[in-house]
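Chemist:
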Amino acid sequence: MSAELLDELTEALARARQGATTRPVSVTLPAPLADAFRLLADRGLIESVSVATTRALEDALQAVIVGMRLDAIYAEHPDARPSEDEIAEMARRAGVGLP
Amino acid sequence: MSVTVVLDGAGLHAWAQRVPPRELLSVMEVLRCRGAGRVLVPSVVTVEALTGDARDAPVNQVLKQVDLDEDLPLDRARTAASLRQNTIASAVDAVVAEAAVRTRAAFLVTSDPGDMTALLDRAGSTTHVVTV
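Chains A and B, in that order, are what the protein sequence lines are. Reading the first sequence from the start, the letters are residues 946 to 1044 in our numbering. Reading the second sequence from the start, the letters are residues 16 to 147 in our numbering.
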């Protein structure tokens, strides 16, 4: 992936976190998931479905940006790439399950 | 599950290096593998991490790619203060630890594991401290 794309995604994430203007978009979700989040919003357990969705999309974009930076590092320094065992060990220490 | 990684000043510097430390690369690989996460930096750490001159360029670049937490309302400051009581940890460290506790961060990346672990232990946090 290009440096230009990374810059564009980084800028988009930064602007989103700084409270950029919003616009309605149409997304297709599994109906039970949509119902569950509407229920959570109605009961005040989340601020709104829009806020929860925004947060999830921000977190997904952050993971992509981190991954692009990692790939850029490994492209120049292949020896820097940690092994699968090292990554699994780090996840285990933090109690994070890996897919 | 989203993975939150909190960086202190040294953690921020480490992530800004051309080749970050291997342990930190493993942390970021965990975030990538989960497919969702947040790299959180309380803005107060920039007081220690920045110099105000051209040497800041790599850190400034990384700051664009992280979640810079610029809010420190009084309730968070009170929590940080209580964590810090009777320790030798700095105020900045206490703010970083409070952020890790509040966000249930999986990782806190620091060059000062002793102080950070002490602060996190006071809050009963399970955040894993990674030393750089």
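Glycine included, C-beta positions come from ideal geometry on N, C-alpha and C. On a predicted model such as this, the values are computed, not experimentally measured, just so you know.
Using a beta-carbon distance cut-off of less than 7 Å, what residues from the segment 106-121 of chain B approach chain D?
Modeler: Chain labels in this structure do not include chain D; the protein chains are A and B.
Chemist: Taking the continuous alpha helix (DSSP H) assigned at residue 135 (chain B), which residues delimit it?
Modeler: Numbered from its first residue, the second sequence carries residue 135 (chain B) at position 120. 128-137 is the extent of the alpha helix (DSSP H) around residue 135 (chain B).
Chemist: So which residues of chain A does residue 91 (chain B) contact, with C-beta pairs closer than 9 Å?
Modeler: Within the second sequence, the letter at position 76 stands for residue 91 (chain B). Near residue 91 (chain B) there are no residues of chain A at all, since even the closest Cβ is about 18 Å away, more than 9 Å.
Chemist: So, do the segment 132-140 of chain B and the segment 97-116 of chain B have three or more beta carbon pairs nearer to each other than 8 Å?
Modeler: Enough Cβ pairs lie closer than 8 Å, so yes.
Chemist: From the DSSP secondary-structure annotation, give me the bridge partner or partners of residue 122 (chain B).
Modeler: Your numbering for residue 122 (chain B) matches position 107 in the second sequence. In DSSP, residue 122 (chain B) forms a bridge with B:20, B:143.
Chemist: Roughly how far, in whole angstroms, is the beta-carbon of residue 19 (chain B) from the beta-carbon of residue 55 (chain B), given that I think they are within contact range, below 8 Å?
Modeler: Taking the first residue of the second sequence as position 1, residue 19 (chain B) is located at position 4. Taking the first residue of the second sequence as position 1, residue 55 (chain B) is located at position 40. Sure, about 6 Å apart at Cβ, within 8 Å.
Chemist: Here's the rule I'm using: 16 or more other beta-carbon atoms within 10 Å means buried, otherwise exposed. How should residue 1039 (chain A) be labelled?
Modeler: Your numbering for residue 1039 (chain A) matches position 94 in the first sequence. Residue 1039 (chain A) should be labelled buried.
Chemist: To the nearest angstrom, report how far apart residue 104 (chain B) and residue 131 (chain B) are at their CA atoms.
Modeler: If you number the second sequence from 1, residue 104 (chain B) lands on position 89. If you number the second sequence from 1, residue 131 (chain B) lands on position 116. Rounded to the nearest angstrom, the two C-alpha atoms are 8 Å apart.
Chemist: If you draw a straight line from the C-alpha of residue 27 (chain B) to the C-alpha of residue 1015 (chain A), how long is it?
Modeler: Mapped onto the second sequence, residue 27 (chain B) falls at position 12. Mapped onto the first sequence, residue 1015 (chain A) falls at position 70. Using only the alpha carbons, I get a separation of about 15 Å.
Chemist: Taking Cβ-Cβ distances shorter than 7 Å, what residues in chain B pair up with residue 1010 (chain A)?
Modeler: Numbered from 1 along the first sequence, position 65 holds the residue referred to as residue 1010 (chain A). Here the neighbours are 80.
Chemist: In angstroms with no decimal places, state the Cα-to-Cα distance between residue 955 (chain A) and residue 86 (chain B).
Modeler: On the first sequence, position 10 is the one that residue 955 (chain A) refers to. On the second sequence, position 71 is the one that residue 86 (chain B) refers to. Rounded to the nearest angstrom, the two C-alpha atoms are 21 Å apart.
Chemist: Where residue 80 (chain B) and residue 69 (chain B) are concerned, what is the direct C-alpha to C-alpha distance, given to the nearest angstrom?
Modeler: Taking the second sequence and counting its residues from 1, one reaches residue 80 (chain B) at position 65. Taking the second sequence and counting its residues from 1, one reaches residue 69 (chain B) at position 54. About 19 Å.
Chemist: Buried or exposed: which applies to residue 67 (chain B), given that a residue is buried once 16 or more other Cβ atoms fall within 10 Å of its Cβ?
Modeler: As a working mapping, residue 67 (chain B) is identified with position 52 in the second sequence. Per the 10 Å Cβ criterion, exposed.
Chemist: Count the other CB atoms within 10 Å of the CB of residue 971 (chain A); is the residue buried (16 or more) or exposed (fewer)?
Modeler: Along the first sequence, read from residue 1 onward, the residue named residue 971 (chain A) stands at position 26. Residue 971 (chain A) is exposed by the Cβ-count criterion.
Chemist: What does DSSP give as the partner residues of residue 53 (chain B) in its beta bridges?
Modeler: Translated into positions along the second sequence, residue 53 (chain B) becomes position 38. Per DSSP, B:19.
Chemist: Mind listing which residues of the segment 40-51 of chain B have their C-beta closer than 9 Å to chain A's C-betas, in chain order?
Modeler: Residues passing the 9 Å Cβ filter: 40, 41, 42, 43, 44, 45, 46, 47, 48, 49, 50, 51.
Chemist: Quick one, which of B:84, B:97, B:77 has its alpha-carbon nearest residue 963 (chain A)'s?
Modeler: Here residue 963 (chain A) refers to the residue found at position 18 of the first sequence. For residue 963 (chain A), the nearest C-alpha among the options comes from B:84.
Chemist: Consider the Cβ of residue 143 (chain B): report whether some Cβ of chain A lies at a distance smaller than 7 Å.
Modeler: One-based indexing of the second sequence puts residue 143 (chain B) at position 128. Yes, residue 143 (chain B) lies at the interface with chain A (some Cβ there is under 7 Å from its Cβ).
Chemist: Round the Cβ separation of residue 1010 (chain A) and residue 958 (chain A) to the nearest angstrom and send it over; I've been treating them as touching at under 8 Å.
Modeler: Along the first sequence, one-based indexing puts residue 1010 (chain A) at 65. Along the first sequence, one-based indexing puts residue 958 (chain A) at 13. About 6 Å separates the two Cβ atoms, so the contact holds.
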